[in-house]
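To keep things clear, I will list the structure first and then write my remarks on it.
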Amino acid sequence: MENRAVVAKLKEVATGGKISCTEARQLATDFKVKNAEVGKLCNENDIKIYGCELGCF
């Protein structure tokens, strides 16, 4: 899956530039990418992950 699609969904889901850890992990699963890739894309797009549960990001 192209990163553009992941970034588009991140921006859709992230309210106020934030996304929960649970939402971020679900996006990784949905798009079949690693958690680290979602974390990287969040950093690149100034989206903060909050409520981190497992230290995945």
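For what it's worth, the working numbering labels the leading residue of the sequence shown as 1031, then goes sequentially.
Glycine included, every Cβ here is placed at the ideal spot set by N, Cα and C.
Please read all numbers here as calculations on a predicted model, not as lab measurements.
Note: I1049 is bridge-paired with I1079 in the DSSP secondary-structure output. Close CB contacts of K1048 within its chain, under the 8 Å cut and outside five residues either way in sequence, are with I1077, K1078, I1079, Y1080 (chain order). Rounded to whole angstroms, the Cβ separation of K1041 and L1057 is 11 Å, and the two are not in contact under 8 Å. DSSP places V1068 inside the alpha helix (DSSP H), whose first and last residues are 1065-1074. About 11 Å separates the beta carbons of C1072 and C1051, which is beyond the 8 Å limit, so they are not a contact pair. In the structure shown, the three-state DSSP call for K1039 is helix.
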